[in-house]
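Novice: Counting along the sequence shown from 1, when you hit position 4 you're at 4 in this note's numbering, and nothing is skipped either side. Let me give you the structure first, and then I'll get to my questions.
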Amino acid sequence: MAACPVGAITKRKEDGIVLINKDKCIGCRYCAWACPYGHPQFNAEAKVMEKCTLCVHRVTKGLRPACVDTCIARTRFFGEIDSLTRLIREKRAERVSLGFIGAKTNTEPSTLYTK
């Protein structure tokens, strides 16, 4: 992410997962201001920025993030954005609406949020 002055934020090419390297992070919070989704959060105790990693350790092994597998309401999905968009459009009849919460145009999201 260009907003990070020390290069602590990277986006994996293979799956689009954005990660924060806590060892490099200086806690300046520029990423929080720059992120159109509002995901980076400041950890006051550790004095670094944090965000969901989408359980990258699981995804690397071909598994889904834990929140997807444990969601009691079965409202979380994980996969290729085209497949998810198709799924959501199919479920629209079931009152699911497609939307990118807080997204700006041309952000090329790797995560799809519905409401």
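Glycine included, every Cβ here is placed at the ideal spot set by N, Cα and C.
If you measure between the beta carbons of residue 89 and residue 78, is that distance less than 7 Å?
Specialist: As a working note, residue 89 is residue 89 in the sequence shown. As a working note, residue 78 is residue 78 in the sequence shown. No. Outside cutoff.
Novice: To the nearest angstrom, how far is the alpha carbon of residue 2 from that of residue 9?
Specialist: By one-based count along the sequence shown, residue 2 stands at place 2. By one-based count along the sequence shown, residue 9 stands at place 9. Each residue's CA atom was taken as its position, placing residue 2 and residue 9 some 9 Å apart.
Novice: Is the CB-CB distance between residue 26 and residue 6 below 7 Å?
Specialist: Here residue 26 refers to the residue found at position 26 of the sequence shown. Here residue 6 refers to the residue found at position 6 of the sequence shown. The answer is yes: Cβ separation under 7 Å.
Novice: What do you get for residue 67, buried or exposed, if any count of 16 or more other CB atoms within 10 angstroms of its CB means buried?
Specialist: For the purposes of this step, residue 67 is taken as residue 67 along the sequence shown, with counting starting at 1. Answer is exposed; the Cβ neighbour count stays below 16.
Novice: For residue 38, decide whether its Cβ has a neighbour in chain D, counting only Cβ atoms nearer than 7 Å.
Specialist: This model lacks chain D altogether; it includes just one protein chain.
Novice: In terms of residue numbering, what span does the alpha helix (DSSP H) encompassing residue 90 cover?
Specialist: Reading the sequence shown from its first residue, position 90 is the one you call residue 90. Taken as a continuous stretch (DSSP letters only), the alpha helix (DSSP H) holding residue 90 covers 81-91.
Novice: Out of curiosity, what's the CA-to-CA distance linking residue 76 and residue 40?
Specialist: Locating residue 76 in the sequence shown gives position 76, where the first residue counts as 1. Locating residue 40 in the sequence shown gives position 40, where the first residue counts as 1. Taking the straight line joining both Cα atoms gives about 20 Å.
Novice: Using CA coordinates, which residue listed in 22, 87, 91, 71 is at the minimum distance from residue 45?
Specialist: Sequence index remark: in the sequence shown, residue 45 carries index 45 (1-based). Among 22, 87, 91, 71, the Cα nearest to that of residue 45 belongs to 22.
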